[in-house]
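*Asks:*
Numbering (the numbering used here), first residue to last: 1162 to 1217.
Dropping the structure here:
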């Protein structure tokens, strides 16, 4: 059986205080790095192999 997850009634994660400039900069840098990694990832698509038609 599946467990039902309980929904939390949370407005803020990590506290009620607004983010500091350092935290905003750290998050911004992390997002930039993730975007760069995502765009640099090569596409690994393989070509479809054609099968010859044979009558047995």
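The beta carbon of each residue, even a glycine, is placed where N, CA and C say it ideally should be.
In chain order, what residues of the same chain have a beta carbon less than 6 Å from the beta carbon of residue 1201, not counting five sequence neighbours either side?
*Replies:* Taken in chain order, the list of residues that qualify is empty.
*Asks:* CA-CA distance, residue 1195 and residue 1203?
*Replies:* Going from the Cα of residue 1195 to the Cα of residue 1203 covers about 15 Å.
*Asks:* Could you have a look at residue 1166 and say whether DSSP puts it in helix, strand or coil?
*Replies:* Residue state, collapsed to three classes: coil.
*Asks:* How is residue 1193 classed by DSSP in three states: helix, strand or coil?
*Replies:* In the structure shown, residue 1193 sits in a helix (DSSP, three-state: H, G or I).
*Asks:* How is residue 1181 classed by DSSP in three states: helix, strand or coil?
*Replies:* In the structure shown, residue 1181 sits in coil (DSSP, three-state: anything other than H, G, I, E or B).
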